[in-house]
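Numbering (full-length UniProt numbering), first residue to last: 1 to 400. For each residue, glycine too, the CB sits at the ideal point set by N, CA and C.
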């Protein structure tokens with residue numbers, strides 16, 4: 001009996017040593033400080049245990065850290081430098097360029113004005129109102145009768161040398177969904193008419209700061225254009241610094257642009273449905289939705305009455321507006337984007353799908369992921385919530 005007691009004692013001691021040998025997972029203090037500053041976050045413990053949670057006003061989710069090559073270090077700021085200076089001669093241009101860089105290199109690049117307004121002049125446009133209206137507060141639904149003309153604004157004021165890219169014109173006109181990707185041939189035709197070649201470094205901007213420019217940036221990348229960047233802060237930042245604009249409309253000789261469709265950057269409805277409903281695939285990738293929180297939750301109705309609000313099951317909500325500095329209209333620094341992804345428990349080792357209301361602000365998420373180095377296994381759901389909510393087979397979840 002004494003021998004058995006001693007054996008049990010040794011086993012118990014060994015087990016205790018094994019448990020005590022496992023160091024607790026530490027959450028960086030900088031991330032905790034960021035979490036406390038969030039309006040939705042109430043608590044954040046520096047030590048993460050199996051019962052730790054971030055209390056929010058939304059349904060509780062585990063605040064855990066999975067092993068990841070993209071994990072945030074103890075001091076993200078020291079690990080992540082700001083966007084490096086770009087060179088028009090680089091084989092692949094950076095995702096963002098500053099206004100000062102553009103001013104210094106304006107003669108060596110092709111600026112594109114990608115300004116776009118969601119004017120509710122047709123049912124087709126109204127389909128996608130859910131994310132875009134909320135993203136630009138100044139263009140609220142109550143002011144919908146005031147139709148804006150982006151092309152007219154371009155003709156009155158633009159950065160010298162700019163071409164105008166019309167999101168609605170350069171789209172699939174056979175689709176019932178708004179501003180879906182055009183065919184490769186249609187894209188080549190439009191870009192050739194702008195006088196752009198495959199080797200040009202294209203710099204895309206808009207009059208909002210960061211809104212429709214990322215969608216055009218993504219479109220160029222989908223069709224194989226390597227040297228394409230977004231002007232951080234867009235025209236508002238350019239003008240705030242006293243930089244010049246012109247009203248002269250220049251003519252450019254037509255080019256013979258040749259692109260290459262990169263299917264890996266896009267996901268369609270059927271593939272989404274399979275991944276979401278098939279148990280074997282449902283845990284293999286993450287979905288991030290850029291729509292406003294109230295519509296994602298199902299608390300607010302969609303602008304189009306026939307569409308249900310809510311979200312794709314298991315998707316994560318990061319409104320595109322939360323990735324943009326409201327004062328400067330520029331993208332958040334890389335470290336702040338990483339913290340935002342960290343707070344929302346985004347696993348950067350998984351493939352990611354971005355979506356929104358109609359495929360525009362989903363590109364802002366795509367851009368944010370590119371900024372933090374998440375590339376190669378990110379897809380954009382082009383039909384987004386407009387297509388998902390209009391299909392009877394689509395599962396929809398709401399918070400109650």
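Note: residue 354 is bridge-paired with 288, 380 in the DSSP secondary-structure output. Within the region 287–341, the alpha helix (DSSP H) runs of at least 4 residues that lie entirely inside it are, in chain order, 293–297. DSSP, reduced to helix, strand and coil, places residue 370 within a helical segment of the structure shown. Closest by C-alpha distance to residue 315, out of 184, 291, 208, is 291. Non-local beta-carbon contacts of residue 324 in its own chain, meaning distances under 8 Å to residues more than five positions away in sequence, involve 209, 210, 330, 331, 332, 364 in chain order. For the region 146–208, the full-length alpha helix (DSSP H) segments reaching 4 residues or more read 150–156, 184–193 along the chain. Around residue 350, the same chain offers 285, 286 as residues with beta carbons nearer than 6 Å, after the five sequence neighbours per side are excluded.
Inter-segment contact for the region 186–206 and the region 100–119 is present: three or more beta-carbon pairs are separated by less than 8 Å. Judged by their CB atoms, residue 359 and residue 390 are not nearer to each other than the 7 Å cut-off. In the three-state DSSP reduction, residue 221 falls in the helix class (H, G or I). Burial check for residue 374: the Cβ neighbour count within 10 Å reaches 16 or more, so the residue is buried. At the C-beta level, residue 311 and residue 289 come within 7 Å of one another. In the three-state reduction of the DSSP assignment, residue 267 falls in the strand class. By the C-beta criterion, the region 252–267 is judged to be in contact with the region 220–239, since at least 3 inter-stretch pairs fall below 8 Å.
Counting the other Cβ atoms within 10 Å of the Cβ of residue 174 gives fewer than 16, which makes it exposed.
Bounds of the beta strand (DSSP E) holding residue 111 are 110–113. Between the region 158–173 and the region 212–221 there are three or more inter-stretch CB-CB distances shorter than 8 Å, so the stretches are counted as touching.
Per DSSP, residue 102 is one residue of the alpha helix (DSSP H) stretching across 99–105. Residue 117 is positioned such that its CB atom lies closer than 7 Å to that of residue 150. Less than 7 Å divides the Cβ of residue 194 from the Cβ of residue 163. Between residue 398 and residue 267, the beta carbon gap of about 23 Å keeps them out of contact (Cβ cut-off 8 Å). Under DSSP, the beta-bridge partners assigned to residue 397 are 311. Taking a contact as a CB-CB distance under 8 Å, the pair residue 161 and residue 302 does not count as one, their CB atoms being some 40 Å apart.
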